[in-house]
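Novice: Using the working numbering, you'd call the opening residue of the sequence shown number 2 and step up by one each time. Yeah, the Cβ is synthetic: ideal placement off N, Cα and C, and Gly gets one too. Next up is a structure, given as structure tokens.
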Amino acid sequence: MRRRGRPPAFDRREVLERAAKIFWRRGYEGASIVDLTDAMGITAQSLYAAFGSKAQLYREALDWYRAALGAITPEALDAPDAIAVLSALLRDQARAFTDPAYPPGCMIATAALGCAEENDPVSAMVADLRHASVALVRARLERAIVEGDLRPDADPVALARFVGAVIQGLSVQARDGAGADELVAVAELAAMELARHRA
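Written out as structure tokens, the structure reads:
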């Protein structure tokens, strides 16, 4: 009878957080296995035994990030006033992207951009996460039009892409060293633009 392997002698959530921070700082391709195992406090053999591949580790690190810090969910957008909800989202993102407890920017907003061709599946996976966030914002804006919060001629597709573009821009600016106050000011300008579409 085949013997079962020993369970991994580490806290999976803790090592995922450590891996996420490396991917977050260095990007998918910039994070080497040595970087990851050093940060995670495990061997390369343990990494592959537990996660199968670097790509799978990245997927799980993104899942950790989304659960702990970064997911835009339908519940988060469900408050009655869509403009207030989205304005608060942008301000919150500006603050989160400059939180000194974590690497600057958003792990998803600017993740896996410009990867080599062999990593296209990783790039596509992260792009799908970004598209899903924009789709949630669009759905909330469409609901706001139906409920009479937004003008009937408001373009929910363009406004959702605008919100997504602002979030990506805030992430890049944070990575380039912009502070919380500077980014909150940008978020406020974006909120003013959204408010122009109120009914």
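In its own chain, which residues sit with a C-beta less than 8 Å from the C-beta of Ala-40, not counting the 5 before and 5 after it?
Specialist: Translated into positions along the sequence shown, residue 40 becomes position 39. Contacts found: Arg-19, Ala-20, Lys-22, Ile-23.
Novice: What does DSSP give as the partner residues of Arg-199 in its beta bridges?
Specialist: Here residue 199 refers to the residue found at position 198 of the sequence shown. According to DSSP, Arg-199 bridges with Leu-151.
Novice: Under a three-way DSSP split, which group does Arg-7 fall into?
Specialist: Taking the first residue of the sequence shown as position 1, residue 7 is located at position 6. Caution applies to Arg-7, whose pLDDT of 46 falls short of 50 and renders its modelled position unreliable; the value that the coordinates give is listed next. Coil at Arg-7, not helix or strand.
Novice: Is the beta carbon of Leu-78 sitting closer than 9 Å to the one on Arg-141?
Specialist: The residue given as residue 78 occupies position 77 in the sequence shown. The residue given as residue 141 occupies position 140 in the sequence shown. Taking 9 Å as the Cβ cut-off, Leu-78 and Arg-141 qualify as a contacting pair.
Novice: Counting pairs of Cβ atoms below 8 Å between the region 134-150 and the region 38-56, do you hit three or more?
Specialist: No, they do not touch.
Novice: My assumption, with CB atoms under 8 Å, is that Glu-83 sits in contact with Ala-145. Please give the rounded CB distance.
Specialist: The residue you call residue 83 lines up with position 82 of the sequence shown. The residue you call residue 145 lines up with position 144 of the sequence shown. Reading the sequence as shown, one finds Ala at residue 83 and not Glu. So it is a contact: roughly 4 Å between Cβ atoms.
Novice: Measuring CB to CB, does Val-185 end up less than 9 Å from Gly-106?
Specialist: What you label residue 185 is simply residue 184 of the sequence shown in a count that begins at 1. What you label residue 106 is simply residue 105 of the sequence shown in a count that begins at 1. Cβ distance not < 9 Å, so Val-185 and Gly-106 don't count as in contact.
Novice: Out of Arg-92, Gly-178, Leu-63, Ala-110, which one is the CA nearest neighbour of Pro-101?
Specialist: Position 100 of the sequence shown, counting from 1, holds the residue named residue 101. Considering only alpha carbons, the answer is Gly-178.
Novice: Write down every uninterrupted run of the alpha helix (DSSP H) in the region 16-100 whose length is 4 residues or greater and which is fully enclosed by it, in chain order.
Specialist: Fully enclosed alpha helix (DSSP H) runs of 4 or longer: 34-41, 45-52, 55-66, 83-97.
Novice: Using the Cα positions of Arg-5 and Gly-42, report the straight-line distance between them to the nearest angstrom.
Specialist: Within the sequence shown, the letter at position 4 stands for residue 5. Within the sequence shown, the letter at position 41 stands for residue 42. Residue placement at Arg-5 is flagged as unreliable, the pLDDT there being 48, under the threshold of 50; the coordinate-derived value follows with that caveat. Approximately 23 Å between the Cα atoms of the pair.
Novice: What separation, rounded to the nearest whole angstrom, lies between the Cα atoms of Ala-188 and Ala-62?
Specialist: Taking the first residue of the sequence shown as position 1, residue 188 is located at position 187. Taking the first residue of the sequence shown as position 1, residue 62 is located at position 61. Cα to Cα, Ala-188 sits roughly 27 Å from Ala-62.
Novice: Out of Ala-32, Gly-149, Leu-37, point me to the one whose CA is closest to Glu-15's CA.
Specialist: Translated into the one-based positions of the sequence shown, residue 15 becomes position 14. The residue with the shortest Cα to Cα distance from Glu-15 is Leu-37.
Novice: Compute the beta-carbon to beta-carbon distance between Val-135 and Leu-87, rounded to the nearest angstrom, for a pair I have assumed lies under 8 Å.
Specialist: Taking the first residue of the sequence shown as 1, we reach residue 135 at position 134. Taking the first residue of the sequence shown as 1, we reach residue 87 at position 86. Actually they are not in contact, since the Cβ atoms of Val-135 and Leu-87 sit about 12 Å apart, beyond 8 Å.
Novice: Along the chain, which unbroken stretches of the alpha helix (DSSP H) at least 4 residues long are found entirely within the region 120-183?
Specialist: Correct list: 121-148, 157-176.
Novice: Where does Ala-191 fall in DSSP's three states?
Specialist: Position 190 of the sequence shown, counting from 1, holds the residue named residue 191. Three-state DSSP puts Ala-191 in a helix.
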